[in-house]
Amino acid sequence: MRWLVGRICDVLSNERTIWLAIEEEDRFLAAAQIRHHAARNSSINMLIHPEGRNRVEASIIDAVLAVCAPLSKSITLQVASDQQKALDILQHHGFSVVRNLHRLMIEVTPAT
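With this note's numbering, the residue at position 22 of the sequence shown is 288, and numbering never jumps.
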């Protein structure tokens, strides 16, 4: 496995974006995008490939926390409420559920 790291700063919005990824044999097993805001808050988008589950979850979460901890006073991320295993892993790493959200949809057909 190999770690890939990228960084970019947006001077206008005073925001820093950091990417972390784990690849194996030219396939991404996990990736995380960390957006660090000027208010010392960070938000995370994370994706773990099914083949990487149970192998790289702890590594990517630990890496995200190592990057964010010196910069942030709070770190937020979103997880679907039906992803209980992901919730359990994140709670094991110290995250706590702040809010349960529901995404609602209605399919409508155009009037003819």
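Yeah, the Cβ is synthetic: ideal placement off N, Cα and C, and Gly gets one too.
Considering only C-alpha positions, which residue in the set the options is nearest to residue i?
i: Ala324; options: Ile372, Gln357 and Leu337; result: Gln357
i: His315; options: Leu295, Arg301 and Ile288; result: Leu295
i: Gln299; options: Val364, Arg365 and Ile341; result: Ile341
i: Glu317; options: Val330, Arg293, Asn311 and His359; result: Arg293
Tell me, please, whether the CB atom of residue i is closer than 8 Å to any CB atom in chain B?
i: Ile372; result: Among the chains of the structure shown, chain B does not appear; only one protein chain is present.
Among the residues of its own chain, which have a CB less than 8 Å from the CB of residue i, if the five just before and after it don't count?
i: Val345; result: Ala352, Leu353 and Leu356
i: His302; result: Glu281, Arg282, Thr283, Ile284, Ser308, Cys334, Leu337 and Ser338
i: Val322; result: Met267, Ile288, Leu295, Ala296 and Ile314
Do residue j and residue i count as a contact pair if the criterion is CB distance below 8 Å?
i: Ala297; j: Leu313; result: yes
i: Ser308; j: Ser338; result: yes
i: Glu281; j: Ala304; result: yes
Indicate the three-state DSSP secondary structure (helix, strand or coil) for residue i in the structure shown.
i: Leu337; result: coil
Since residue i is in the alpha helix (DSSP H), which residue starts that stretch and which ends it?
i: Ala352; result: Gln350 to His358
In terms of residues, what are the limits of the beta strand (DSSP E) holding residue i?
i: Asn307; result: Asn307 to Ile314
i: Phe294; result: Arg293 to His303
i: Ile287; result: The sequence as given places Ala at residue 287; Ile does not occur at that position. Start and end: Glu281 to Glu290.
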